[in-house]
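First up is the structure itself, then whatever we jot down about it.
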Amino acid sequence: MKPQPNRLPADAARGFGGAAIDRSLPLTFRLNGLQISGFHGDTVLSALLASGVDTLGDHLDASIGLTPRACPAIYPAGHAGDAAHALPMARTPAVNGAEYVIAGARRTNPITRLFRPGRRLGLPLDQPHLLDEPWRGRAGTRETETDLVVIGGGVAGLSAALTAARSGLSVTLLEASPIPGGHSGLFGTQEGEDAPEVSMAKLREAAEAHDAIRIICRAHAYAIRPGLVRAHVVDLKDGKPVGRVIDLAARFIVIATGSRERLPLFAGNRLPGVIGTLDAYELATRYGIWPGQSALVATSSNFAYRLAMLASDAGITIPRIIDTRPGAASRFIEFSRAYGIIQASGTRISVAECGRAAGTLSVTAEGSNAEPFITNRLVVCGGWQPDLTLWHIAGGTSRWSKARHRLEANGDLDTIALAGSAAGFFTRRACIQSGADAVDALLGRPRKPVEDVLIDPLYETPDAETAIANPVDGAPTYLDAGAEFLTRPQPRPRSWTNIFRRQKAGLTALSEAPQPLAINDVAAGVDLGLIPPEAAGLVAQERVALVALGAPEGAPSITADSPPPATEVPPFLSGRFGPEAQVVRIIPSEQRRFEPGTLIYDSADKKNPMQAIGVVLRPHGNAAMAIVARQAASNCFTVNLRDHSQAFPAKVALEEIAS
Amino acid sequence: MNDTIPDYAVIGSTPMARLLAGLLAGAHGKQVIHVGESASSYRLPRGIDLSTAVLTRPESWSLLLQGIEETQKLLRRIGGRGTWTYVNPIFFAEGARAVEALSHMGHMARAFGVAAEPVPTSLLGNGRTGLTLRDAMRFNRAQLEPAIDTWLDRQGVRRLIPDKVTVRTDGSTSLQVSGDVIEAKQAILAEDSAIIAHLPLPQWPRLLRRQQNSTILTTPTRPIASPVILEIASGSMLLQQGEGGIAGIGPNDLASFAAHMHALLGRERQVEQAGQTSFQALVTADGAPAVGRASGVGADVVAGFGSIGPFLAPSVARWIAGTAARDEDAWLGARLITRSAENSTVGDYAPVGRKAP
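Residue numbers (my numbering), protein chains in the order written: chain A, 293 to 951; chain B, 2 to 358.
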C-alpha cells in the first residue's frame with residue numbers, strides 16, 4: 293500500500309502537485325500510535341489526509357469527514373488534555389519524529405480497521421467538546437503594542453498592511469496559513485487583472501520586505517474588542533511546534549478574514565469524501581492532495597466549474613457537474629463544456645451515502661431516475677458568506693441581503709474596519725482596493741470609491757441560493773461544515789414506537805442548540821425559513837462564540853449583605869398586617885428556634901396563611917422577633933406559631949428590644 | 002364605523018402577552034390584535050415561565066395557585082402536554098436578608114401545600130442556603146409559541162408585525178402595516194420591551210425602572226443541580242437546556258454578568274459561551290407586579306410579573322375585561338401602575354439588583 297495514497301504526482305498540472313511541500317524531505321510522525329508519512333511543508337492535517345485518513349468520527353450514527361474546518365486539537369504525547377500544549381491540526385507543521393495524541397479518540401472496531409485500515413480518527417462526536425480549541429480558555433501574553441493589527445493575510449489584508457505601513461504605522465498581520473497570500477487562486481482572473489498567483493506574490497513580497505510590517509503566520513484570531521485582539525499562534529521552537537496565546541493591543545484593527553463557503557443542504561453532506569471547492573483547491577495546490585480518481589461536482593456558483601477544469605487537467609475524472617441554476621452562464625461554464633464535462637443544470641443533490649467500495653460515495657440527484665453516481669469525491673459549493681465572525685464579536689452589526697442571499701456588515705465601528713470579501717466585495721481588484729480603503733477610513737482620510745465591477749449577469753450568472761434538498765431518510769443534514777455539527781432541525785415524530793428507538797433525533801429548534809451558531813449556520817437558518825431574514829443579523833451576533841476580553845476580574849458582589857438589625861422589617865412585609873402592626877418578641881412555651889417566615893396565628897386550629905396575624909422576622913436569643921397585627925401586640929398575648937404543620941404556643945412580649 | 006376598530010392591541014411576544022390576547026378575544030369576546038414576534042425558536046431566552054417565584058404575600062400565592070390550575074387546563078387545549086415540563090426549581094440565597102426572604106417564601110409555600118424542601122449545601126456551595134419547590138410547571142417556549150399562534154388564530158386574534166407602532170396618551174394606538182394604518186381603541190403593553198419602546202414618555206410611571214439584563218448560553222457542560230436554579234439576591238437564573246448547555250439570565254452588562262454566572266456555576270467549571278445578549282428590562286421599585294393604565298388614562302401596562310406572568314394571565318384578562326372575581330379585583334386593584342413605591346403595602350421581595358443606584 294502506498295504510504296500517501298491521496299497525494300497527486302509532483303508534476304501534476306495546474307500546480308496540483310503542491311507548492312507548499314518539499315518532496316525531497318520526507319518525514320514521519322505518529323498520531324495515536326499510527327505512523328503517518330508526509331513531506332516537509334505539510335501540516336499534521338495535510339499529512340493525515342494525504343495518508344488516507346479521511347474520517348473524523350461518528351455523529352448521530354453517521355461518519356463525518358475530516359476537513360480543514362473540522363479537525364480536533366492534538367497534544368504532544370505525554371501532554372494529552374493539557375490546554376497549554378494543545379495544537380491545531382490544520383496549523384501545526386508536520387515534524388519528523390513527532391508523536392501526538394488526540395484527546396477523546398476511541399479505538400476503532402478491529403473488523404473496520406481490517407477492511408479500512410487507518411481511515412478513521414475514531415472520535416465519538418456525539419460527545420460535546422471533542423473539537424473544542426482548548427487554548428480559548430487561556431489568558432493571552434501581552435505583545436508589544438502596534439498601530440494596526442490586520443487579521444487575515446489575503447490580498448485585502450496585505451493591501452491594508454502595506455497602505456498602513458506606507459503611512460508610517462506599525463503593523464502586525466495575522467495569517468492562519470503557513471504563508472500569506474490568501475485564497476484568490478480559486479477565483480481566477482477578470483479582465484485587466486494579474487493572475488491571482490502573481491497578485492498574491494507581489495503583495496506578499498512587498499509586505500515581507502517592509503520593516504514596519506510584522507507578519508505572524510499560523511495565527512488564528514478568535515477574540516476581539518476595540519483596541520485588542522487575542523490570537524493563538526503556532527511557532528517552531530527547537531524544531532518542535534508549540535502553541536501560545538497572544539494579546540495584541542492596537543489603535544486600529546482591520547478584519548480581512550475572507551468568505552466562508554456554504555454547504556449545500558442534503559442528507560449526507562458531511563460524509564467522508566464530501567468537500568467544499570475552496571478546501572479541495574487549497575489541499576491540491578498547497579499539498580498535492582486529491583483523494584481518488586473521480587469527483588462529482590455540485591454547485592450553485594461558477595467557481596466550482598473552474599476547479600473542475602483544473603482538476604481535469606490534473607488527471608481527475610469529472611463525470612458531471614450538477615448546478616442548481618437552470619441555464620447558468622459563465623466563462624468557466626463555457627470552458628468546462630469545451631472540456632467535455634457533462635453539465636446537469638436546474639437540479640440538486642438529494643442524498644449522498646457511503647458507497648459499497650471503500651473510499652466511494654453514492655450520490656443521488658433530485659428528480660433523477662438514473663442510478664446513483666458512484667464517485668470517489670463529491671466537491672460541493674453552496675455559495676459564499678462573508679466571514680463576519682470577528683466583526684460580530686467586536687460588536688459590529690449585519691443584515692441579510694435578499695439579493696445576494698448572505699449576511700452583510702451594516703454600519704461602522706470606530707477603530708475596527710472590514711476589508712476584502714469579509715466586507716462583501718467580490719472581485720480581487722476590489723478586495724485589494726478595500727484593504728487600502730479600510731486604512732483610509734480608520735485614519736479619517738479622504739476615501740476613494742472601491743470599484744467592484746462584476747461581469748454582466750447575462751454572461752456571468754450570479755450565485756444562487758444554497759441548494760436545499762427535500763428531507764429524506766439517511767445521514768443527517770448539516771447546516772455548515774465547521775466544528776458545530778448543527779443538524780437541520782426536524783420536528784420530533786410523535787409515535788409510540790419512539791420509546792423503542794434510540795433518541796438521536798437532532799435539534800428541533802435552533803434556539804436549543806448548545807453550541808455557538810457559526811455565521812453559515814445562521815445563513816442556512818434563513819434559507820430554511822427558521823430565522824426571519826430581518827432577524828438574521830441579530831441572531832448571528834447573539835450566537836457568535838464570544839471570548840470575553842478584559843472582563844472585570846471580580847464583578848462587584850451583589851449579594852454582599854450585613855445581618856439586619858433585630859427589629860428591621862423587610863419591605864415585603866410592609867402593610868401585610870395592617871397599618872398599626874408592631875414588632876414584638878415572641879417567647880415560645882418550649883425552647884425552640886423559629887425560622888424567619890414562620891406564620892403566627894391566634895388559634896392553634898388555624899393554618900390558612902390569609903388568617904395569619906403575624907410572622908417571625910428572625911430568631912433572637914431564646915425568643916424570636918416578629919411583626920404582628922395590632923390585636924396581638926399586647927404583653928402575654930397567646931399566639932400559635934405554625935412550623936411544618938405543627939402549632940407551637942407562645943406569648944407576645946412588648947418590652948424594649950435591643951437591636 | 003367605530004365598531005370596526007378593534008378593542009385591544011396587545012403588544013408583547015411573551016407567553017403572557019399571547020395568552021392575554023387570546024383570552025380577551027376567546028373568553029371575553031373582544032376584538033383583539035396581537036403584536037409580537039415568534040422568536041423563541043431562534044433567539045436566546047430573556048426570561049422563563051415558571052409557576053413559582055419568590056413570593057412572600059399570601060394573597061399572591063392564593064391567586065397564583067388558582068391561576069396555575071386554570072392555565073394548565075388552557076395549555077392542554079392549546080398545545081398539549083409537550084408544551085410544559087415539571088421541574089423542581091432550586092431557589093438559593095447568600096447574605097442575611099436574602100436568606101431571610103427565602104425562609105419567608107418557604108414557609109408561605111408550605112402553608113399553601115406546596116412541597117418545599119431545603120437543599121443540601123453540598124449541592125450549592127458553602128455559605129448558600131437553598132430551597133427546592135416540587136413540581137413547578139415550566140413552559141417549553143419553542144414548542145409552545147407556534148401552538149399559541151395557532152390558538153390565537155382560532156380565537157380570532159389578528160396577528161401583526163407592524164412597521165411602526167404609535168401609542169397615544171389616551172391609550173389608543175395606531176399600527177402601520179405595509180402602508181396601511183390599523184387603529185385599536187386601547188393598547189396593552191404586555192412586555193418590558195414593548196413598554197420601553199411605546200409608552201409615551203410623559204406617562205412613564207415612577208414605579209418602573211429600567212435595568213440592564215444579560216443572557217448567556219454556555220456550551221454543554223455537566224448538569225447543574227436542578228433544571229432551574231434562581232439566585233434570589235440578584236435575580237439571576239441558571240437554566241439547564243435540553244441539549245446540555247446552561248442559559249444564565251440576570252442583571253448587569255455582559256462582562257459583569259459573565260463573571261457572576263461563572264461564580265454561580267463554580268470557578269472550577271470550564272465553560273465557553275455559545276451565545277450572549279444584553280437587553281433592557283423593567284423592574285418595579287417595590288418588587289410587586291403592576292397593571293393598569295399609565296397615568297390612569299393611557300395604555301394598559303402589564304409589568305413586573307416575572308416568571309409567573311402567564312399563570313396570572315387569566316386573572317389579568319378578566320380584570321381588563323371587567324369580569325374579575327372579587328379576590329382578583331382586590332389583588333390587581335392594589336397593584337396599579339400608578340401606585341407609589343414608598344410605603345407600598347403590596348411590595349414583594351425585590352432582588353438587590355433592582356434597587357436604584
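Where is the CB? At the ideal position from N, CA and C, for every residue including glycine.
Proximity below 9 angstroms, CB of residue i to CB of residue j
i             : j             : result
residue 344/A : residue 310/A : no
residue 553/A : residue 677/A : yes
residue 666/A : residue 647/A : yes
residue 57/B  : residue 102/B : yes
residue 341/B : residue 203/B : no
residue 61/B  : residue 349/B : yes
residue 755/A : residue 817/A : no
residue 324/B : residue 105/B : no
residue 284/A : residue 608/A : Missing from the structure shown is residue 284/A; chain A here goes from 293 to 951 and no further.
residue 37/B  : residue 11/B  : yes
residue 522/A : residue 540/A : yes
Interface flag, residue i vs chain B, CB-CB below 9 angstroms
i             : result
residue 240/A : In the structure displayed, chain A extends from 293 to 951; residue 240/A sits before or after that span and is not available.
residue 850/A : Because the pLDDT at residue 850/A is just 48, under 50, the model does not fix this residue reliably, and the value given afterwards should be weighed accordingly. Yes - at least one Cβ of chain B is within 9 angstroms of the one on residue 850/A.
residue 374/A : no
residue 719/A : no
residue 537/A : no
residue 421/A : yes
residue 899/A : yes
residue 909/A : yes
residue 847/A : With a pLDDT of 46 at residue 847/A, under the threshold of 50, the modelled position of that residue is not reliable, and the figure given next carries that caveat. So, interface residue.
residue 902/A : yes
residue 912/A : no
Contacts that residue i makes with chain A (C-beta to C-beta distance below 8 angstroms)
i            : result
residue 45/B : 803, 834 and 835
Distance between residue j and residue i (C-alpha atoms, nearest Å)
i             : j             : result
residue 300/A : residue 763/A : 36 angstroms
residue 179/B : residue 165/B : 10 angstroms
residue 500/A : residue 383/A : 20 angstroms
residue 943/A : residue 883/A : 12 angstroms
residue 345/B : residue 683/A : 47 angstroms
residue 738/A : residue 490/A : 29 angstroms
residue 244/B : residue 734/A : 42 angstroms
Chain A contact for residue i (CB, 9 angstroms cutoff)
i             : result
residue 115/B : no
residue 281/B : no
residue 242/B : yes
residue 14/B  : no
residue 308/B : no
residue 152/B : no
residue 70/B  : no
Three-way DSSP call (helix, strand, coil) for residue i in this model
i             : result
residue 332/A : strand
residue 381/A : coil
residue 252/B : strand
residue 43/B  : coil
residue 345/A : coil
residue 428/A : helix
residue 56/B  : coil
residue 832/A : helix
residue 738/A : coil
residue 812/A : helix
Chain B residues whose Cβ lies nearer than 7 angstroms to that of residue i
i             : result
residue 831/A : 43 and 44
residue 868/A : 58
residue 890/A : 108
residue 277/A : The first residue shown for chain A is 293 and the last is 951, placing residue 277/A beyond what the model contains.
residue 840/A : 256 and 259
Interface residues of chain B facing residue i [CB-CB closer than 8 angstroms]
i             : result
residue 864/A : 57, 58, 102, 105, 288, 348, 349, 350 and 351
residue 823/A : 43
residue 827/A : 38, 40, 43 and 44
Residue i CB to nearest heavy atom of the ligand MG below 8 angstroms
i             : result
residue 243/B : No copy of the ligand MG appears in this structure; indeed no ligand is present at all.
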